[in-house]
Amino acid sequence: MSLELRDVVKTYREPGGGRLPVLKIASFSLAAGEQAVLVGSSGGGKTTLLNIIAGITAADSGEVLVDRTDLTKLPEAARDRFRAERIGYVFQTFNLLQAFTALENVLLGMSFGGRHADRSAAIELLKRVGLGHRLHHKPAQLSVGEQQRTSVARALVNTPKLLLADEPTANVDAANQQTILDLLRTSCRENGVSLLLVTHAPEVANQFDRVEKLADFNNPVPQIAAR
Numbered sequence: 235m236s237l238e239l240r241d242v243v244k245t246y247r248e249p250g251g252g253r254l255p256v257l258k259i260a261s262f263s264l265a266a267g268e269q270a271v272l273v274g275s276s277g278g279g280k281t282t283l284l285n286i287i288a289g290i291t292a293a294d295s296g297e298v299l300v301d302r303t304d305l306t307k308l309p310e311a312a313r314d315r316f317r318a319e320r321i322g323y324v325f326q327t328f329n330l331l332q333a334f335t336a337l338e339n340v341l342l343g344m345s346f347g348g349r350h351a352d353r354s355a356a357i358e359l360l361k362r363v364g365l366g367h368r369l370h371h372k373p374a375q376l377s378v379g380e381q382q383r384t385s386v387a388r389a390l391v392n393t394p395k396l397l398l399a400d401e402p403t404a405n406v407d408a409a410n411q412q413t414i415l416d417l418l419r420t421s422c423r424e425n426g427v428s429l430l431l432v433t434h435a436p437e438v439a440n441q442f443d444r445v446e447k448l449a450d451f452n453n454p455v456p457q458i459a460a461r
């Protein structure tokens with residue numbers, strides 16, 4: 235699945251009535267099956283960009299083409315369906331459902347994507363991220379790193395066409411960091427999934443052939459506050 239951004243602008247309203255510019259991207263693209271890392275300063279708009287690509291946040295203007303579908307033209311419900319069916323997202327804040335176990339969270343990921351809940355596939359993925367012994371534990375009973383690994387399994391379980399990963403190794407100990415990264419990259423490579431991964435870790439970014447600095451293609455322009 236290819237990704238293309240054209241003239242994407244995003245601002246947020248400030249308390250004084252002005253607009254805080256966050257994103258102004260003339261163009262950005264990711265080819266089908268390509269893997270790229272996105273780096274940049276904290277608060278620079280990386281998570282906002284991922285949310286716009288996923289259709290969670292609406293851009294002020296511009297086009298967000300995922301597999302030639304412009305998400306900016308879809309109503310919210312249609313964007314939600316599109317994301318569930320075709321986009322995997324490893325959230326920095328995990329976004330796990332607290333009332334459900336690790337296994338149930340992954341199975342629900344399948345259901346949201348319109349697939350039959352394949353229990354054996356979900357268990358296998360959780361085993362691959364080292365959680366075979368934690369299948370029936372709820373998020374509050376898991377460590378931060380275990381919650382992150384559950385989030386990775388949920389994002390991969392539907393074999394999406396585009397995978398967005400926001401600091402997927404930030405909360406994982408060193409022993410599991412490479413395991414998570416290898417799982418993400420290998421799964422994407424084997425299934426032709428495009429991968430866009432945000433990281434602050436040089437040891438992660440250095441493993442990718444394509445490393446993009448957000449500041450190189452994002453040029454937000456300050457706007458005058460409204461009177």
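Note that the numbering used here has the sequence shown beginning at 235, numbered continuously upward.
Built from N, CA and C at the ideal position, the CB exists for glycine as well.
- One thing to note: Leu254 has its Cβ no nearer than 8 Å to the Cβ of Leu237.
- Restricted to the segment 349 to 407, the alpha helix (DSSP H) segments that are unbroken, complete and at least 4 residues in length are 353 to 362 and 378 to 390, listed in chain order.
- Rounded to the nearest whole angstrom, the C-alpha separation of Val445 and Leu429 is 12 Å.
- Taking 8 Å as the cut-off, the beta carbon of Glu297 is found closer than this to the beta carbon of Asp304.
- Take Gly278, set aside five residues on each side of it, and the residues of its chain with a beta-carbon closer than 6 Å to its own are Leu448, in chain order.
- Looking at the backbone, the Cα of Leu331 and that of Pro373 are separated by about 8 Å.
- In this structure, the alpha-carbon of Gln326 lies about 24 Å from that of Ala312.
- With three or more CB-CB distances shorter than 8 Å, the segment 238 to 245 counts as touching the segment 281 to 299.
- In this structure, DSSP gives Gly289 a state outside helix and strand, which the three-state scheme calls coil.
- In this structure, Val427 sits away from Thr403, with a CB-CB distance that is not shorter than 8 Å.
- Minimum Cα-Cα distance from Gly379 among the listed residues Leu360, Asn410, Leu397 and Asn453 corresponds to Asn410.
- Out of Asn329, Asn392, Asp443 and Gly251, the CA that lies nearest to the CA of Arg353 is found in Asn392.
- Distance from the CA atom of Arg362 to the CA atom of Thr413, rounded to whole angstroms, is 8 Å.
- Within the segment 295 to 321, the complete alpha helix (DSSP H) segments at least 4 residues long are 310 to 320, listed from N- to C-terminus.
- Shortest Cα-Cα distance from Asn452 to any of Ser276, Leu283 and Gly251 involves Leu283.
- Under DSSP, Phe262 forms a beta bridge with Leu239.
- Under DSSP, Ser428 forms a beta bridge with Leu396.
- Note on geometry: alpha-carbon atoms of Asp314 and Ser385 lie some 18 Å from one another.
- One alpha carbon belongs to Ile321, the other to Asn285, and they sit about 11 Å apart.
- With respect to Asp400, Thr281 sits close: the two C-beta atoms are nearer than 8 Å.
- Taking a contact as a CB-CB distance under 8 Å, the pair Ala408 and Arg368 does not count as one, their CB atoms being some 19 Å apart.
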